[in-house]
Amino acid sequence: MSHMIIAYENDEIKLCNDTCDSLNCEYCECKCCAQYFNEIKDLCDKDLLDGIKIQRIKNGSEIIKCGRYCGYFQLKDGTEIFILPKVTTKDRYESEQIFKNLIFSAYNIKNIKIASDSDTDLNRTNLFLQILITIFCSFMEILFKRGIKKFYNLEQENFPYLKGKIVFSEHIKRNITSKEKFYAEYDEFTDDIAENRILKSACECLLPKSNEENKKLLRRFLFEFSDIEQCKNLDKDFAKIQPNRLFNHYEQPLRFAEVFLRNKSFNPVRGKKKIPALLFSMHDLFEDYIKNLLYEFKKELNFDFKFQYSPHYLITENIAKKATMFKTKMDFVLWNKNKDKVIIFDAKYKLINLKKDVEESQFNEDEEKNEEKFHYNTTNISQHDLYQVFTYSEIIKKCEPKIKEVKIALLYPKTDNFLKSKSYNYFNGTKLTFIPIDLSGENEEIFKNNFDLRTFIEDNFSLS
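Numbering (our numbering), first residue to last: 620 to 1083.
What follows is the structure in structure tokens.
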């Protein structure tokens, strides 16, 4: 079993002291020995790890600083590095569950368990590999729903009759004494094409590495591919793949297949080929998670709100002309059926503290002087966020004359310091609500736990 290093987003990995025995222990948390530290440092220097960098601290020593990214990669000897979300301070297993929820939302995967039985311990289950296999399986299911593609393969054979066109160089070489035969080439319309061979090989490669849930799916895929051969020359088959709009649904599973077939381990490498990112931006995952929540609420509540927004521009060269510069981009804009009410949601992946009201927060001189950082209180809410959503509401009011009411809310991860929604008013009376988004729980619990978001939509669209 390979060694593991477990770290957390926006946290540090430190160098152990000389007595550290991390080469022999089962796993390390937020620390590693010099061998692993230097190897990760080398990857950072080569700019191969998104969001991870080396920092010098006051005593001159170095630390590895993890940014707002989570994911997985391996070192040369197979040592596994897991970077998990730090939304919760309770335990590592809850961080694992949050990470799975975010990844599955990003790839729109539902009701799939990663580990066999109830075993979710990283010490016994390669969590991230199983997540990647599950994502691959979800793409394969989409592919089979849309249908396995067939295409023309160029075949060459020595026939007792003429078929296609003669390949004269081979015909002369092979049939100089057999004048009754023809060495010819022809196009055959078949499903035994490079794309399908690669995917079949990936399924066979993953079968022994998968948990029971994924094994069932992979066996079904292999049954569907029963008439297709395995890859005999992987590089040759990959070279045959050409961009084709008819094969768009093959793009994602082929990317994952390339990772599984060409990389025995997920070592960070640089190359021309696109492969799935193994380090994921937490902000992007958080936005995808909220988008899936909103779509689920739309189905569950059976009402007609629309995600649509015609972007507006902020400035123009001439007052008589329409604004054409600096396009606004809002995260989520919900319109009611009559298009006279709008809710603007802006997602921010940061941990805030609303145990006390903003008015009770303690200011200090350094924070007041350092205005460019936008942090003015202990809530960790930046003034920039407040400016942003207020500007959005004013733009909508001015540019959409039919709108009678605009509601705005900032969405942050739910933590022990931010358990319930809170509302405040701007200087002009505009109401702003801070809503906690619960990232824990499994399957249907996710929607039950986000009661505050659902209630906000119901109340403001008069659905309750």
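Built from N, CA and C at the ideal position, the CB exists for glycine as well. Just so you know, these numbers come straight off a predicted model, no measurement behind them.
Using CA atoms only, rank isn't needed, just tell me which of the options is closest to residue i.
i: Y968; options: K1016, T1034, K719; result: T1034
i: K1021; options: D959, A803, L703; result: D959
i: Y726; options: E658, F905, N863, S829; result: F905
i: E628; options: K660, R687, A653; result: R687
i: F844; options: I817, L1030, L662; result: I817
i: D854; options: L662, A876, L913, H902; result: A876
i: V706; options: I971, I1015, F916, N863; result: I971
i: F1066; options: N720, I625, K956, R711; result: N720
i: D811; options: F879, D664, K768, N999; result: K768
i: N1047; options: E1013, F763, D903, K784; result: E1013
i: N1036; options: K1023, F1053, I860; result: F1053
i: A626; options: S680, D710, D696, K695; result: D710
i: N957; options: E1024, K784, I1000; result: E1024
i: D664; options: K684, N1068, G766; result: K684
i: L865; options: I624, F951, A653, R765; result: R765
i: R1073; options: Y1045, T1049, N1044, A1028; result: A1028
i: D630; options: Y1045, E789, A653, I702; result: I702
i: I1015; options: M949, A966, N1069, T998; result: M949
In angstroms, rounded to a whole number, what distance separates the CA positions of residue i and residue j?
i: E760; j: I717; result: 24 Å
i: G690; j: L837; result: 24 Å
i: T947; j: Y1011; result: 8 Å
i: L898; j: L1058; result: 19 Å
i: F755; j: P872; result: 6 Å
i: T698; j: Y655; result: 8 Å
i: D1004; j: S900; result: 19 Å
i: S829; j: S757; result: 14 Å
i: D669; j: F1075; result: 36 Å
i: V1008; j: E658; result: 43 Å
i: G1060; j: R839; result: 29 Å
i: N1079; j: F916; result: 14 Å
i: K883; j: I962; result: Low local confidence applies: a pLDDT of 41 at K883 is under 50, so the model's placement there is unreliable, with the coordinate-based value given in what follows. C-alpha separation (whole angstroms): 47 Å.
i: F1111; j: Y908; result: No statement about residue 1111 is possible, as the shown extent of the chain runs from 620 to 1083 and does not include it.
i: K910; j: H902; result: 12 Å
i: E987; j: Q1002; result: For E987, the pLDDT reaches just 48, beneath the cut-off of 50, and the residue's location in the model is therefore unreliable, leaving the point undetermined.
i: L912; j: G679; result: 46 Å
i: I722; j: K695; result: 26 Å
i: N955; j: Y914; result: 14 Å
i: R793; j: C824; result: 38 Å
i: K859; j: D846; result: 20 Å
i: P862; j: V878; result: 19 Å
i: T1049; j: I1000; result: 18 Å
i: N1068; j: N1044; result: 26 Å
i: Y712; j: I700; result: 16 Å
i: N852; j: S724; result: 35 Å
i: S788; j: E848; result: 29 Å
i: C822; j: C1018; result: 52 Å
i: R874; j: L880; result: 10 Å
i: L1088; j: I785; result: Because the chain spans 620 through 1083 in this model, residue 1088 falls outside it and cannot be assessed.
i: E1064; j: A966; result: 21 Å
Below 8 Å on the Cβ atoms is my contact criterion, and I expect residue i with residue j to pass it. Report the Cβ-Cβ distance as a whole number of Å.
i: K633; j: I682; result: 5 Å
i: C635; j: C651; result: 6 Å
i: I752; j: N833; result: 5 Å
i: E1077; j: L920; result: 7 Å
i: D856; j: A813; result: 4 Å
i: S1042; j: L1051; result: 7 Å
i: F964; j: F951; result: 4 Å
i: N777; j: K798; result: Not really, about 12 Å apart at Cβ, beyond 8 Å.
i: I671; j: C647; result: That pair is no contact at about 16 Å.
Is it right to say residue i is buried, meaning 16 or more other beta carbons lie within 10 angstroms of its own, or is it exposed?
i: D1071; result: buried
i: H622; result: buried
i: Q749; result: buried
i: P704; result: buried
i: Q693; result: buried
i: C1038; result: The amino acid occupying residue 1038 in the given sequence is Leu; Cys does not appear at that position. Its Cβ having fewer than 16 others within 10 Å, L1038 is exposed.
i: Y1031; result: buried
i: L973; result: buried
i: P1055; result: buried
i: I676; result: exposed
i: T715; result: The sequence shown places Glu at residue 715, not Thr. Looking at its Cβ environment, which holds 16 or more other Cβ atoms inside 10 Å, E715 is buried.
i: S820; result: buried
i: Y869; result: buried
i: D661; result: exposed
i: K1084; result: Since the displayed the chain opens at 620 and closes at 1083, residue 1084 lies outside it and no answer follows.
i: F747; result: buried
i: S1081; result: exposed
For the ligand GTP, any of its heavy atoms closer than 6 Å to the Cβ of residue i?
i: L825; result: The ligand GTP is absent from the structure shown, which contains no ligands of any kind.
- Query: At which residue ranges does the stretch 648-684 contain complete beta strand (DSSP E) runs of 3 or more residues, listed in the order of the chain?
  - Reply: As far as the stretch 648-684 is concerned, its whole beta strand (DSSP E) runs of at least 3 residues are 671-675.
- Give, in chain order, every unbroken run of the beta strand (DSSP E) that is at least 3 residues long and sits entirely within the stretch 982-1068. For the stretch 982-1068, whole beta strand (DSSP E) runs of length 3 or above, ordered along the chain, are 1024-1032, 1041-1044, 1050-1056.
- Task: Scan the stretch 803-828 and note each continuous alpha helix (DSSP H) run of 4 residues or more that stays entirely inside, going in chain order.
- Result: List check, alpha helix (DSSP H) in window: 813-825.
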